[in-house]
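Chemist:
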Amino acid sequence: MDQLQFHNMSLSWLNGGVTCLDGGAMFGVVPKPLWARKYPVNEKNQIELPTEPILVQYEGKNYIIDTGVGFNKLNEKQLRNFGVTEESTLAASLQELGLTTADIDVVLMTHLHFDHAGGLTQWEGEVLVPTFPNAKIYVTKIEWDEMREPNIRSKNTYWKENWEPVQHLVETYEGTLEIVPGIEMIHTGGHSDGHAVIKLTQNGEVLLHMADIMPTHAHQNPLWVLAYDDYPMASVFAKERIMKEALANGYGFIFYHDAYYRMIKWDETGKEIVDKLERSRQAVITF
Numbered sequence: 012m013d014q015l016q017f018h019n020m021s022l023s024w025l026n027g028g029v030t031c032l033d034g035g036a037m038f039g040v041v042p043k044p045l046w047a048r049k050y051p052v053n054e055k056n057q058i059e060l061p062t063e064p065i066l067v068q069y070e071g072k073n074y075i076i077d078t079g080v081g082f083n084k085l086n087e088k089q090l091r092n093f094g095v096t097e098e099s100t101l102a103a104s105l106q107e108l109g110l111t112t113a114d115i116d117v118v119l120m121t122h123l124h125f126d127h128a129g130g131l132t133q134w135e136g137e138v139l140v141p142t143f144p145n146a147k148i149y150v151t152k153i154e155w156d157e158m159r160e161p162n163i164r165s166k167n168t169y170w171k172e173n174w175e176p177v178q179h180l181v182e183t184y185e186g187t188l189e190i191v192p193g194i195e196m197i198h199t200g201g202h203s204d205g206h207a208v209i210k211l212t213q214n215g216e217v218l219l220h221m222a223d224i225m226p227t228h229a230h231q232n233p234l235w236v237l238a239y240d241d242y243p244m245a246s247v248f249a250k251e252r253i254m255k256e257a258l259a260n261g262y263g264f265i266f267y268h269d270a271y272y273r274m275i276k277w278d279e280t281g282k283e284i285v286d287k288l289e290r291s292r293q294a295v296i297t298f
């Protein structure tokens, strides 16, 4: 299990599953000869995208960022179409740390697409129940409203199986929400209308979790956005604004989907890596 100590915060990456999605869809209008130099692709034109929640332990509380694809939540067609090679084993990951799912205090949802929200619920016999029964679940109001009433496009990823059992645990916000000093959720839109990023601050240093407006280190360029983005120009503008601030101030970036890096810090030009934590688990798709 990969871990990172960020001053008084302990970060651990849990096993939330692995997907392999079409590289062209993940890099939008960027030509393959450009993106394939930065992120490897297989013979099916798929790139490897883990869905690995980040456990943040801070001041006696357990926070989890997103929840993986879940277990036994996808049918055979979905497993094939989304290139799912592994499903979530969150309970086993937490057990390695001496925790259970009941020990999670807060779930921070960047957005509610299936590959982030699938782990919110689990099967108990024939009934779906909350995976984290004692946790508050924070998500933007925009995202929560669309989850429950998806449009013709978003209904393919916002599923009632992932929200109905947990609705009594959900708390929504608009704009920006400080969970506790040092943990902040910031609405950006773009990838989805209610998409948010997460900012961790300790002793004047910052780690940013950009979620799906920068799902991997190869998406650093503000113009490299996903064909999956519902509002691509909102993604471009949000990423441009945040990257300008982040590079100028030496912020680090942590990832949920990256198959090769857990954390990266670039210099102020954005061209040189000055600090990194590589994913210790060997990716199946390699250069």
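If you read the sequence shown in the working numbering, its first letter stands for residue 12, the second for the next number, and so on.
Even for Gly, the Cβ is constructed at its ideal location relative to N, Cα and C.
#1: Determine, using beta carbons only, whether N53 and G35 come nearer to each other than 8 Å.
#2: Among E98, T96, I296, Y271, which one has its Cα closest to the Cα of L288?
#3: For G39, I'd like the list of residues in its chain whose CB is within less than 6 Å of its CB, leaving aside the five on either flank, ordered along the chain.
#4: Distance check for Q68 and A102, CA to CA, integer angstroms please.
#5: Please look up how many angstroms separate the CB atoms of T111 and K152, rounded, as I've assumed it's under 8 Å.
#6: Mapping the DSSP letters down to three states, classify Q89 as helix, strand or coil.
#7: I think M196 touches Y149, with their Cβ atoms under 8 Å apart; what is that distance to the nearest whole Å?
#8: Output the distance between the C-alpha atoms of L258 and Q231, rounded to the nearest integer angstrom.
#9: Taking only runs of the alpha helix (DSSP H) that begin and end inside the segment 151-235, which ones reach a length of at least 4 residues, in chain order?
#10: Using the rule of at least 16 other Cβ atoms within 10 Å of the residue's Cβ for burial, across every protein chain shown, is V177 buried or exposed?
#11: Determine the contact status of L123 and T132, defining contact as a CB-CB distance below 8 Å.
#12: For A43 and G201, what's the separation of their Cα atoms in angstroms?
#13: Suppose the cutoff is 7 Å on Cβ atoms and the five residues either side in sequence are ignored; what does the same chain contact list for T199 look like?
#14: Mind the definition here: the segment 94-101 touches the segment 67-84 only if three or more C-beta pairs lie below 8 Å; say whether that holds.
#15: Kindly list the residues whose CB is nearer than 6 Å to the CB of Y262, restricted to its own chain and excluding five residues on each side of it in sequence; keep chain order.
#16: Check whether the Cβ atoms of N73 and A113 sit closer than 8 Å, and answer yes or no.
#17: Report buried or exposed for D269, applying the criterion of at least 16 other Cβ atoms within 10 angstroms of its Cβ.
#18: Just verifying my parser: in three-state terms, what is the DSSP assignment at S23?
Modeler: On the basis of the supplied data:
#1: No, these two residues do not count as a Cβ contact at 8 Å.
#2: Y271
#3: V236, L237, A238
#4: 16 Å
#5: Wrong, their Cβ atoms sit about 30 Å apart, outside the cutoff.
#6: helix
#7: Contact holds; Cβ gap of about 6 Å.
#8: 11 Å
#9: 152-159
#10: buried
#11: no
#12: Note that residue 43 is Lys in the sequence shown, not Ala. Approximately 22 Å, taken between the alpha carbons.
#13: H206, A207, V208, I224, A249
#14: yes
#15: V217, L219
#16: no
#17: buried
#18: strand
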